[in-house]
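**Student:**
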Amino acid sequence: GCARDWDGLTCWPRATFGEVVKIPCPRFLEEFTSFLQRNCTQEEYWSEPFPPYSIACGFDEGSSKGPEDQKSYYSAFWRVYTAGYAASVTSLITALIVFAAFRKFHCTRNYIHMHLFVSFILRAVAVFTKDAVLFADETMDHCLMSTVACKAAVAFFQFSILANFFWLLIEGIYLQTLLLLTFVSNTKFVWWFIFTGWGAPTAVMFAWVLTRIHQQNTGCWDDDENGVVLWIIKGPILLTVLINFIIFINVIRILVHKLKSQERGGSHSSHFVRLAKSTLLLIPLFGVHYIVFAFFPESTGLEARLYVELGLGSFQGFVVALLYCFSNAEVQSELKKQLCKWQYQEYLTFTHKHGTLSRETSPVNYVTQLSLLDKISPKRRTSVCQDGVTTV
1015 GCARDWDGLT CWPRATFGEV VKIPCPRFLE EFTSFLQRNC TQEEYWSEPF
1065 PPYSIACGFD EGSSKGPEDQ KSYYSAFWRV YTAGYAASVT SLITALIVFA
1115 AFRKFHCTRN YIHMHLFVSF ILRAVAVFTK DAVLFADETM DHCLMSTVAC
1165 KAAVAFFQFS ILANFFWLLI EGIYLQTLLL LTFVSNTKFV WWFIFTGWGA
1215 PTAVMFAWVL TRIHQQNTGC WDDDENGVVL WIIKGPILLT VLINFIIFIN
1265 VIRILVHKLK SQERGGSHSS HFVRLAKSTL LLIPLFGVHY IVFAFFPEST
1315 GLEARLYVEL GLGSFQGFVV ALLYCFSNAE VQSELKKQLC KWQYQEYLTF
1365 THKHGTLSRE TSPVNYVTQL SLLDKISPKR RTSVCQDGVT TV
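Under my numbering, the first residue of the sequence shown is numbered 1015, with each subsequent residue one higher.
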């Protein structure tokens, strides 16, 4: 038969003589028709794909988007989301240090923010790890690659995605709880939030890994998944996105009600500006932008999906750190106080050293010290008196 074959775009599985293999188009190509086919010929080598990629997957060889253009296009996207995740990691780690260093910020609200920051950091690290393990070598045969390292990298990537969506959901639930209740117990909810935010993704990943091992243990677990395996991951993510979108709508409704009650005498334009500002700030905090493509097939609107999920999604951690930490008035005030305190301590240290050094080296100070010694020394005082008596 024909051995597994990687044609640079798709992995074709092993086939027997005369068998026709039918597989879907690669995910990164928009589909006009759903499937490609290849035949294992009598000479035991693969035939050319039919229909060709240009017809089956919407790839026009005569257009300006040739293979090199597409490679350059996706390479540009790689640079964009790499820069985005790098900026997110840097800002999130800084925000974590700020929240952890100052005791004033140790509260339930900031504890939840810190767990969300960690989930964003894990997501970025998982993306970097997956790219390094799976796509560092362009000549790698993805059909034959099936190592523990690459499977672990993909599993870690899936876990980080799940954890990030669950912590976005918890942020939404906690915000709605604060708006609806006048008092929220610090100990009543925080442990349930932590258990749900990390426990639920762990349980889902455990089920996914077991299902992969027993039903679809192929490649690096990054290939097209069948129905059961796919929905173990996709189902909880869609559920969190849907619930968070409902919470987002409800929070906007609550904000509208509160703004109307506070600004009965104010202008309508001021009310609209505050509402628009609040809505725009809540979109990245709730991950509302994911609802756009959540319930569509992955091949739908591929370029727009890349912009939203890779372009905007990679900078989401940076925006969250900016809004929750660096734009917070309490954080800015505390950082200014600490900066002034450090500057004042440095000033005192400098003036103390400079003053001591100047006093020790001053000629006036040397004469004064001699006069003091003259006054204090008993021997000196006795000799002076004796000299005076003798003179008299």
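Glycine residues also receive a C-beta, built at the ideal position from the N, C-alpha and C atoms.
Express the C-alpha separation of Ala-1217 and Val-1242 in angstroms, rounding to a whole number.
**Tutor:** Rounded to the nearest angstrom, the two C-alpha atoms are 16 angstroms apart.
**Student:** With 16 as the cutoff for other CB atoms within 10 Å, does Val-1406 come out buried or exposed?
**Tutor:** The pLDDT assigned to Val-1406 is 27, lower than 50, so where the model puts this residue is not dependable, and the model offers no usable value.
**Student:** How far does the alpha helix (DSSP H) with Leu-1136 in it extend, from its first residue to its last?
**Tutor:** 1122 to 1148
**Student:** What is the DSSP secondary structure of Phe-1171, reduced to helix, strand or coil?
**Tutor:** helix
**Student:** At least one CB of chain D closer than 8 angstroms to the CB of Pro-1038: is that the case?
**Tutor:** Looking at the structure shown, chain D is missing, and only one protein chain is on hand.
**Student:** Enumerate in chain order the residues of its own chain whose CB-to-CB distance from Trp-1235 is below 6 angstroms, with the five nearest sequence positions on each side excluded.
**Tutor:** Lys-1165, Val-1168 and Arg-1226
**Student:** In the DSSP assignment, the alpha helix (DSSP H) including Phe-1049 goes from what residue to what residue?
**Tutor:** No alpha helix (DSSP H) holds Phe-1049; the beta strand (DSSP E) holding it covers 1049 to 1053.
**Student:** For Gln-1359, which residues in the same chain have their Cβ closer than 8 angstroms to its Cβ, ignoring the five residues on either side in sequence?
**Tutor:** none
**Student:** Quick check for students: name the residue ranges of the alpha helix (DSSP H) that lie wholly in the stretch 1218 to 1261, counting only runs of 4 or more.
**Tutor:** DSSP runs (the alpha helix (DSSP H)) wholly in the stretch 1218 to 1261: none.
**Student:** Does the beta-carbon of Arg-1137 have 16 or more other beta-carbons within 10 angstroms, so that it is buried, or is it exposed?
**Tutor:** By the Cβ neighbour-count rule, Arg-1137 is buried, with 16 or more other Cβ atoms within 10 Å of its own.
**Student:** Residues in the same chain with beta-carbon distance under 8 angstroms from Leu-1176, minus the five sequence neighbours each way, listed in chain order, please.
**Tutor:** So the list reads Ala-1214, Pro-1215, Val-1218, Met-1219, Ile-1247, Pro-1250 and Ile-1251, once near-sequence residues are dropped.
**Student:** With H, G and I counted as helix, E and B as strand and the rest as coil, what does DSSP make of Pro-1027?
**Tutor:** Here Pro-1027 carries a coil assignment [DSSP, helix/strand/coil].
**Student:** Name the DSSP bridge partner or partners of Ile-1266?
**Tutor:** According to DSSP, Ile-1266 bridges with nothing at all.
**Student:** Between the stretch 1120 to 1134 and the stretch 1180 to 1190, do at least 3 Cβ pairs fall closer than 8 angstroms?
**Tutor:** yes
**Student:** Under a three-way DSSP split, which group does Cys-1016 fall into?
**Tutor:** strand
**Student:** With burial defined as no fewer than 16 other Cβ atoms inside 10 Å of the residue's Cβ, what is the status of Thr-1024: buried or exposed?
**Tutor:** buried
**Student:** If I follow the unbroken alpha helix (DSSP H) through Val-1333, where does it start and stop?
**Tutor:** 1330 to 1335
**Student:** Which residues does DSSP list as the beta-bridge partners of Phe-1179?
**Tutor:** None; Phe-1179 has no bridge partner.
**Student:** Measure from the alpha carbon of Trp-1060 to the alpha carbon of each residue in Ala-1017, Ile-1069, Gly-1098 and Ala-1090, then state which is nearest.
**Tutor:** The shortest Cα separation from Trp-1060 among Ala-1017, Ile-1069, Gly-1098 and Ala-1090 belongs to Ala-1017.
**Student:** Tell me which same chain residues have a C-beta within less than 8 angstroms of the C-beta of Leu-1320, skipping the five on either side of it?
**Tutor:** Phe-1091
**Student:** Between Ser-1077 and Cys-1339, what straight-line distance do the alpha-carbon atoms span, to the nearest angstrom?
**Tutor:** Confidence at Ser-1077 is low in this model, with a pLDDT of 47, below 50, so the placement of that residue should be treated as unreliable; the coordinate-derived value is given next. Using only the alpha carbons, I get a separation of about 47 angstroms.
**Student:** If I measure Cβ to Cβ from Trp-1181 and keep anything under 7 angstroms in the same chain, skipping five residues before and after, which residues do I get?
**Tutor:** Hits under 7 angstroms: His-1129, Leu-1130, Ser-1133 and Gly-1211.
**Student:** Alpha carbon to alpha carbon, how far is Gly-1301 from Pro-1027? Give it in angstroms, no decimals.
**Tutor:** 38 angstroms
**Student:** What residues match up with Ser-1035 in a beta bridge as DSSP calls it?
**Tutor:** With the sequence shown as reference, residue 1035 is identified as Val, and Ser is not the correct amino acid for it. Answer by DSSP bridge pairing, in chain order: Arg-1052.
**Student:** Leaving out five residues before and five after Ile-1069 in sequence, what residues of the same chain have Cβ atoms less than 6 angstroms from its Cβ?
**Tutor:** none
**Student:** Using the rule of at least 16 other Cβ atoms within 10 Å of the residue's Cβ for burial, across every protein chain shown, is Trp-1222 buried or exposed?
**Tutor:** buried
**Student:** Would you say Leu-1296 and Phe-1332 are within 8 angstroms of each other, going by their C-beta atoms?
**Tutor:** No.
**Student:** With DSSP as the reference, label Phe-1207 as helix, strand or coil.
**Tutor:** helix
**Student:** For Pro-1081 and Ser-1174, what's the separation of their Cα atoms in angstroms?
**Tutor:** Here Pro-1081 scores only 48 on pLDDT, less than 50, and its place in the model should not be relied on; the value that follows carries that caveat. Taking the straight line joining both Cα atoms gives about 32 angstroms.
**Student:** Taking only the alpha-carbon atoms, compute the straight-line gap between Asn-1053 and Thr-1232 and give it to the nearest angstrom.
**Tutor:** 21 angstroms
**Student:** To the nearest angstrom, how far is it from the Cα of Val-1162 to the Cα of Ala-1109?
**Tutor:** Rounded to whole angstroms, Val-1162 to Ala-1109 spans 34 angstroms at the Cα level.
**Student:** Who are the Cβ neighbours of Ile-1268 in its own chain at under 6 angstroms, not counting the five residues just before and after it?
**Tutor:** Beyond the five residues adjoining it in sequence on each side, Ile-1268 comes within less than 6 angstroms, by CB distance, of Leu-1193 in the same chain, given in chain order.
**Student:** Distance, Cα to Cα, Ser-1347 vs Cys-1121?
**Tutor:** 17 angstroms
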